[in-house]
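Down below is the structure, laid out as structure tokens.
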Ligand code: NAD
Ligand code: MG
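Residue numbers (my numbering): 25 to 444.
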């Protein structure tokens, strides 16, 4: 495939962890790329800095209230400004050759659908959209002939190892999980874990939401669902193995016993560079995985009793209904509540399981979504249920009088918002 230069690219979520790594790779190969649009939710300072440095044509701030400041900061630069959902959707509809989708959470779904509708190469870092609406999302990409390039390291690894022509010879596919910061602790030892402790990932440096998901292993649960939609070999063929060094990202085992493994240093610039240069390769200055320095690689079974998130995700796949949409929505709400100090770490998974059980008991509440409207409606309903579950737990606690109310953002939450 000939690739015209410079390639027109956009980065959605350019101020986040994946976004910043993408910007670094684009900057290192400046002449090869024309940046069309960069977007962020509220980190206006970094967004403007990136837009000026990369000579972007448009900068979009998700938070409407910051639009006047964006215009002021980018006055006389020639960079067009936009804000809010409409700004994101307009940027998503701009014709480009390659887009990075690195907005976190389900807020990404509307712009992601607009991006996918344009066709072209779509580097997909966001996993919540695939977990919540995987079937419909992949079908939308097929309709517009968009090339989905998985950026999540495990899925990028499988993408590199997976040959759709040889799918019938695949015995199983293994996704590795670092196990997060609490891998060797028992569930009982996690009662008083703080957000600061849960955010300390041992091998990866990532945004807050995915870091908490890694600590509960819901990240791997979401990845299991994501893998099922990206690589349709049957969900029973996916396995999860704990691998604390995060050097092997995925393995494909063939029926003859051959195992193909993908390895790299735990550095997201590797899968991003793969997606950026696809179908070619680009040189990066990431550390190589010198196995003589690493010494040994460990693999342990991932116990579903110790990591209930894996059981919840697998059950959602087995049910093949709206469970994955609900699981993802309830998880987003519970993780936000934990980060805002409204929910205990050990209550995150019980809140999600409570929502799933409640909805499974109501007739048709978990019906498989047939359209994106169904997905949004199910997502909203599950969020309301999760909030109810969280409020119940807050009320049930003795120190209620000291806990902030569940509706209003705490000072801690407002501080976090400023990060990205
Ligand atoms: P992050 O929190 O560091 O960055 C999120 C980005 O999205 C920021 O630019 C933020 O401004 C933007 N954003 C947040 N809410 C928004 C909204 N409502 N509207 C518009 N923009 C919004 O997150 P991250 O770690 O970069 O992860 C991004 C996505 O990639 C997630 O879905 C995550 O699961 C996935 N992912 C991340 C990693 C990683 O190493 N960080 C690895 C694999 C997959
Ligand atoms: Mg991953």
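For each residue, glycine too, the CB sits at the ideal point set by N, CA and C.
> Assuming residue 129 contacts residue 364 under a Cβ cut-off of 8 Å, what Cβ separation, rounded to an integer in Å, is found between them?
Replying inline: Distance from residue 129 to residue 364 at the Cβ level is roughly 15 Å; contact not present, criterion being Cβ atoms closer than 8 Å.
>> Taking only three categories from DSSP, how would you classify residue 34?
In response: Note: residue 34 maps to strand in three-state DSSP.
> Residues in its own chain within less than 7 Å of residue 30 by CB, not counting five upstream and five downstream?
Replying inline: Taking C-beta separations shorter than 7 Å and ignoring five residues to either side along the sequence, the partners of residue 30 in its chain run 55, 56, 57, 58, following chain order.
> Helix or strand or just coil, what does DSSP make of residue 98?
Replying inline: In the structure shown, residue 98 falls within a coil segment according to DSSP collapsed to helix, strand and coil.
>> My parser needs the beta strand (DSSP E) runs of 3 or more residues fully inside the region 307 to 343; what are they?
In response: Listed in chain order, there is nothing to give.
> Would residue 290 be called buried (16 or more neighbouring beta carbons within 10 Å of its own) or exposed?
Replying inline: Burial call: buried.
> Going by alpha carbons, who is nearest to residue 248 out of 220, 398, 198?
Replying inline: It is 198.
>> Which same chain residues end up closer than 8 Å to residue 264 when comparing Cβ atoms and leaving out the 5 residues on each side of it in sequence?
In response: Within the same chain, residue 264 has close Cβ partners 198, 199, 200, 201, 244, 248, 326, 334.
> In angstroms, rounded to a whole number, what distance separates the CA positions of residue 33 and residue 190?
Replying inline: One C-alpha to the other measures close to 32 Å.
> Can we count residue 264 as close to the ligand NAD, meaning its CB is less than 7 Å from some heavy atom?
Replying inline: No - the ligand NAD has no heavy atom lying nearer than 7 Å to the Cβ of residue 264.
>> Using a 10 Å radius around the Cβ and a threshold of 16 neighbouring Cβ atoms, would you call residue 25 buried or exposed?
In response: Annotation note: pLDDT 49 at residue 25 (below 50); position unreliable, coordinate value reported separately. By the beta-carbon neighbour count (other beta carbons within 10 angstroms, threshold 16), residue 25 is exposed.
> Taking Cβ to Cβ, would you say residue 85 is nearer than 8 Å to residue 70?
Replying inline: With respect to residue 70, residue 85 sits apart: the two C-beta atoms are not nearer than 8 Å.
> Where does residue 223 sit, in a helix, a strand or coil, going by DSSP?
Replying inline: Here residue 223 sits in coil by DSSP.
> Can you give, in chain order, each stretch of the beta strand (DSSP E) that sits fully within the region 350 to 400 and has at least 3 residues?
Replying inline: Qualifying beta strand (DSSP E) stretches: none in this window.
>> Please determine whether the Cβ atom of residue 245 lies at a distance below 7 Å from any heavy atom of the ligand HEM.
In response: The ligand HEM is not part of this structure, which contains only the ligand NAD and the ligand MG.
>> Following a CB-centred definition, is residue 176 positioned closer than 7 Å to any heavy atom of the ligand MG?
In response: Checking the Cβ of residue 176 against the ligand MG gives yes.
> In angstroms, rounded to a whole number, what distance separates the CA positions of residue 184 and residue 194?
Replying inline: A straight-line Cα-Cα distance of about 14 Å links residue 184 and residue 194.
> Say the cut is 7 Å; is the CB of residue 42 nearer than that to a heavy atom of the ligand NAD?
Replying inline: Yes.
> Under the criterion of a Cβ to heavy atom distance below 7 Å, does residue 228 qualify as lining the ligand NAD?
Replying inline: Result yes, Cβ under 7 Å from the ligand NAD.
> Quick one: Cα of residue 358 to Cα of residue 117, how far?
Replying inline: Taking the straight line from one Cα to the other gives about 32 Å.
>> Checking 8 Å against the spacing of the C-beta atoms, do residue 406 and residue 349 come in under that value?
In response: Yes; because the gap between Cβ atoms is below 8 Å, this pair is in contact.
>> At a cut-off of 7 Å, would you count residue 131 as near the ligand NAD, judging by its Cβ distance to the nearest heavy atom?
In response: At least one heavy atom of the ligand NAD is found less than 7 Å from the C-beta of residue 131.
>> Helix, strand or coil for residue 263? Go by DSSP, reduced to three states.
In response: In the displayed model, residue 263 falls within a strand according to three-state DSSP.
>> Counting C-beta neighbours from all protein chains within 10 Å, is the total for residue 92 16 or more, i.e. buried, or is it exposed?
In response: Under this definition residue 92 is an exposed residue.
>> Judging by CA-CA distance, which residue of 45, 418, 36, 286 is the nearest neighbour of residue 229?
In response: That would be 45, whose Cα lies nearest to the Cα of residue 229.
>> For the ligand NAD, is there any heavy atom lying closer than 7 Å to the beta carbon of residue 82?
In response: Residue 82: no, Cβ never under 7 Å from the ligand NAD.
>> Is residue 292 a contact residue of the ligand NAD, with contact defined as CB to any heavy atom under 7 Å?
In response: Yes, the Cβ of residue 292 comes within 7 Å of a heavy atom of the ligand NAD.
>> the ligand NAD and residue 296: does the residue's C-beta get closer than 7 Å to at least one heavy atom of that ligand?
In response: Checking every heavy atom of the ligand NAD against the Cβ of residue 296, none is found closer than 7 Å.
>> If distances are taken between C-alpha atoms only, which option among 113, 148, 384 comes closest to residue 292?
In response: The shortest Cα separation from residue 292 among 113, 148, 384 belongs to 148.
> Can you name the start and end residues of the alpha helix (DSSP H) that residue 46 belongs to?
Replying inline: Following the DSSP letters along the chain, one finds residue 46 inside the alpha helix (DSSP H) bounded by residues 41 to 52.
>> I believe residue 74 touches residue 62 by the beta-carbon criterion, under 8 Å. Please report the beta-carbon distance rounded to the nearest angstrom.
In response: Distance from residue 74 to residue 62 at the Cβ level is roughly 6 Å; contact confirmed, criterion being Cβ atoms closer than 8 Å.
> Would the C-beta of residue 181 count as close to the ligand NAD, meaning under 7 Å from any of its heavy atoms?
Replying inline: Incorrect: residue 181 has no Cβ contact closer than 7 Å to the ligand NAD.
>> Across the region 150 to 169 and the region 250 to 267, are there enough close Cβ pairs to call them in contact, namely three or more that are closer than 8 Å?
In response: Taking one beta carbon from each stretch, the region 150 to 169 and the region 250 to 267 have 3 or more pairs nearer than 8 Å; the two touch.
>> Starting from residue 109, trace the alpha helix (DSSP H) in both directions and tell me its first and last residue.
In response: Start and end: 108 to 116.
>> Quick check: what's the CA-CA separation for residue 87 versus residue 108?
In response: When rounded, the distance between both Cα atoms is 6 Å.
> Can you give the Cα-Cα distance for residue 196 and residue 369, rounded to whole angstroms?
Replying inline: Roughly 32 Å separates the two Cα atoms.
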